[in-house]
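Protein chains in written order, with this note's numbering: chain A, 1 to 116; chain B, 117 to 230.
Glycine included, every Cβ here is placed at the ideal spot set by N, Cα and C.
All remarks here apply to the structure that follows.
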Amino acid sequence: EPEVTQTPSHQVTQMGQEVILRCVPISNHLYFYWYRQILGQKVEFLVSFYNNEISEKSEIFDDQFSVERPDGSNFTLKIRSTKLEDSAMYFCASSEGLSSGYNEQFFGPGTRLTVL
Amino acid sequence: AQSVTQLGSHVSVSEGALVLLRCNYSSSVPPYLFWYVQYPNQGLQLLLKYTSAATLVKGINGFEAEFKKSETSFHLTKPSAHMSDAAEYFCAVRLRTGFQKLVFGTGTRLLVSP
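Encoded structure:
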């Protein structure tokens, strides 16, 4: 069964460093998302991406964040200069992007980012 | 804007007892509604979804939820809890138009005692 994969599963970094979180969405999916979950809190939407551009972003997704689809399979989230408060579990999701139907979002297992 | 309220950050039940996890939503138009489960150190797994006219929705692992428009609720139930049901449960809402983001509730941790 096709699934969304994410690497690494756990990333530890120093404050101020850049990190790139990687995701491989399901191969025929066209819509991609990043969500994050700070420990003990709810899952929050960061950004959605379609046709090589951001379609929606939240207030959390400030200039420190960027997303990219560098090739036909990967979808990345970059944090330019990490802060302590960026420590969270980051989930990637993808959906088919059909013009009809509810387009279920399939989630990856997450990357736990720890900023020291 | 949509929002989700989950009453009770923790719910404790005994094995074999009824599970009831509450979810109320706020949306300007009829939304899609979802329940996700998260086991410790794992990702989000879709339990069930409301996307059509059928108000009683059955999901995996014996869970079901009923959409009640008049009460703006989508409570999750299971007749008989199992130890393996211990996890965090998230209710989520999404607009039906386009490819909208999911808006999650704060989650309810289900504890099951023997």
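Between the alpha carbons of residue 108 of chain A and residue 23 of chain A lies a distance of about 8 Å. Within the same chain, Cβ atoms closer than 7 Å to the Cβ of residue 162 of chain B are found at 150 and 152, the five residues on either side in sequence being excluded.
Approximately 6 Å separates the beta-carbon atoms of residue 106 of chain A and residue 94 of chain A; this is inside 8 Å, confirming the contact. Not one beta carbon of chain B lies nearer than 8 Å to the beta carbon of residue 65 of chain A. Interface annotation, residue 48 of chain A: in contact with chain B, CB-CB separation under 8 Å. Interface with chain B (8 Å Cβ-Cβ cutoff): residue 105 of chain A is included. Taking the Cα positions, residue 170 of chain B is about 32 Å away from residue 57 of chain A. With respect to the C-alpha of residue 19 of chain A, the residue from A/47, A/92, A/96 and A/66 having the closest C-alpha is A/66.
Boundaries of the beta strand (DSSP E) harbouring residue 35 of chain A: 31-37, taken from the DSSP string. The beta-carbon of residue 12 of chain A is placed no less than 8 Å from the nearest beta-carbon of chain B. In this chain, the beta strand (DSSP E) harbouring residue 207 of chain B covers 203-210.
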